[in-house]
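Engineer: Mind having a look at this structure? Questions to follow.
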Amino acid sequence: MGTLKYFLGMEFARSKEGIIVNQCKYVFDLLGETGLLGCKAAETPIEPNSKLQSAKTEDVVNKQYQRLIERLVYLSHTRPDIALAVNMVSQFMHSPRSEHVGVVYRILKYLKGTPGRGLLLKK
Numbered sequence: 001m002g003t004l005k006y007f008l009g010m011e012f013a014r015s016k017e018g019i020i021v022n023q024c025k026y027v028f029d030l031l032g033e034t035g036l037l038g039c040k041a042a043e044t045p046i047e048p049n050s051k052l053q054s055a056k057t058e059d060v061v062n063k064q065y066q067r068l069i070e071r072l073v074y075l076s077h078t079r080p081d082i083a084l085a086v087n088m089v090s091q092f093m094h095s096p097r098s099e100h101v102g103v104v105y106r107i108l109k110y111l112k113g114t115p116g117r118g119l120l121l122k123k
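Structure (structure tokens):
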């Protein structure tokens, strides 16, 4: 079958140090679907010391929010740098608000600036 290069949205590359696993194509597909390919990148996935609450603002479309969160959870398997932020916004899947959607878009903007990050599995 040959060497493993791409499987289930994950890219694999061998180096002298070990195997590098990232989801660069998956990130670009996600940014393309959300229309954020041309956005300015954020430096961090979430504002420092931010606390999300169930605010009394308008509801947003649940299905779209849930789909984005599901994709970000899958992406966080190879991107531990976004795991905390994704965990925070995933707590509001039952009733997302506009504040939560803003945080999700910030995570996506962070991914725009760091698409090639991943894991190094050392020998």
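In this note's numbering, the protein residues as written are 1 to 123.
We treat Cβ as the ideally placed atom computed from N, Cα and C, and that holds for glycine.
Quick check: what's the CA-CA separation for Q91 versus L119?
Structural biologist: As a working mapping, residue 91 is identified with position 91 in the sequence shown. As a working mapping, residue 119 is identified with position 119 in the sequence shown. For Q91 and L119, the distance between alpha carbons rounds to 25 Å.
Engineer: Which runs of the alpha helix (DSSP H) at least 4 residues long sit entirely within the stretch 71-114? Give them in chain order.
Structural biologist: 83-90 and 98-113
Engineer: Comparing alpha-carbon positions, which option in D81, Q64 and F28 lies nearest T44?
Structural biologist: Position 44 of the sequence shown, counted from the start, is the residue given in the question as residue 44. Closest option to T44, Cα to Cα, is D81.
Engineer: Do you know whose CA, among G9, L31 and L4, lies nearest I19's CA?
Structural biologist: By one-based count along the sequence shown, residue 19 stands at place 19. When each option's Cα is compared against that of I19, the closest is L4.
Engineer: Kindly list the residues whose CB is nearer than 6 Å to the CB of A85, restricted to its own chain and excluding five residues on each side of it in sequence; keep chain order.
Structural biologist: What you label residue 85 is simply residue 85 of the sequence shown in a count that begins at 1. Only residues of its own chain outside the window of five on either side were considered, and among them P45, I46 and I107 have a CB closer than 6 Å to the CB of A85, listed in chain order.
Engineer: So the candidates are K63, A42, G116 and H77; which of them puts its Cα closest to the Cα of V103?
Structural biologist: Counting from 1 along the sequence shown, the entry for residue 103 is found at position 103. Checking every option, the nearest Cα to that of V103 belongs to A42.
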